[in-house]
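Enquirer: For the sequence shown, the positions run 2 to 102 when my numbering is used.
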Amino acid sequence: MAASQELRGLVQSGLIEQKGVGRWTTYTLEKSIEPPEVAEPEKGEDKILVYVKTHGSINNPECRELLRIDDTRAYYLLKKLCKSKQLKPKGKSKSRRYVIY
Numbered sequence: 002m003a004a005s006q007e008l009r010g011l012v013q014s015g016l017i018e019q020k021g022v023g024r025w026t027t028y029t030l031e032k033s034i035e036p037p038e039v040a041e042p043e044k045g046e047d048k049i050l051v052y053v054k055t056h057g058s059i060n061n062p063e064c065r066e067l068l069r070i071d072d073t074r075a076y077y078l079l080k081k082l083c084k085s086k087q088l089k090p091k092g093k094s095k096s097r098r099y100v101i102y
């Protein structure tokens, strides 16, 4: 019963066309439907910079959690942002945080 109600709704909204009745009913798409535009995913560096601008700073564990990456990748991205003078490190070792340059 639920499937026929769903199909009836699609016919009424103009998305599909019904041909035939009863057991021999077939449904076809009324017109070509374009998929919605998908926004390009943000790069890891961009997400880090947005996070730092919002929260003031970031550390390695926060970076790993934000991007769902391992320690080595987080270290690489943070170091890359420091080399490009977008972030600067503050503190030593485990207490190191990164802030906007």
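We treat Cβ as the ideally placed atom computed from N, Cα and C, and that holds for glycine.
Since the structure is predicted, the reported quantities are computational estimates derived from the model, not experimental observations.
1. Kindly indicate which three-state DSSP category glutamine 19 falls into: helix, strand or coil?
2. Quick one: any contact between the stretch 41-61 and the stretch 74-87, if contact means 3 or more CB pairs under 8 Å?
3. For the pair the stretch 50-59 and the stretch 18-31, tell me if three or more CB-CB distances fall below 8 Å.
4. Please list the terminal residues of the continuous alpha helix (DSSP H) segment that includes threonine 26.
5. Have a look at Lys44, Lys84, Lys80 and flag the residue whose alpha-carbon is nearest the alpha-carbon of leucine 68.
Expert: If we stick to the structure as given:
1. The count along the sequence shown starts at 1 and reaches residue 19 at position 18. In the three-state reduction of the DSSP assignment, glutamine 19 falls in the strand class, which pools E and B.
2. Contact between the stretch 41-61 and the stretch 74-87 is present, because at least three Cβ pairs lie under 8 Å.
3. Remark: fewer than three beta-carbon pairs, one from each stretch, lie closer than 8 Å, so the stretch 50-59 and the stretch 18-31 are not flagged as touching.
4. One-based indexing of the sequence shown puts residue 26 at position 25. Counting along the chain, threonine 26 sits inside no alpha helix (DSSP H), nor does DSSP assign it H or E at all.
5. The residue you call residue 68 lines up with position 67 of the sequence shown. Checked all of Lys44, Lys84, Lys80; the closest Cα to leucine 68 is Lys44.
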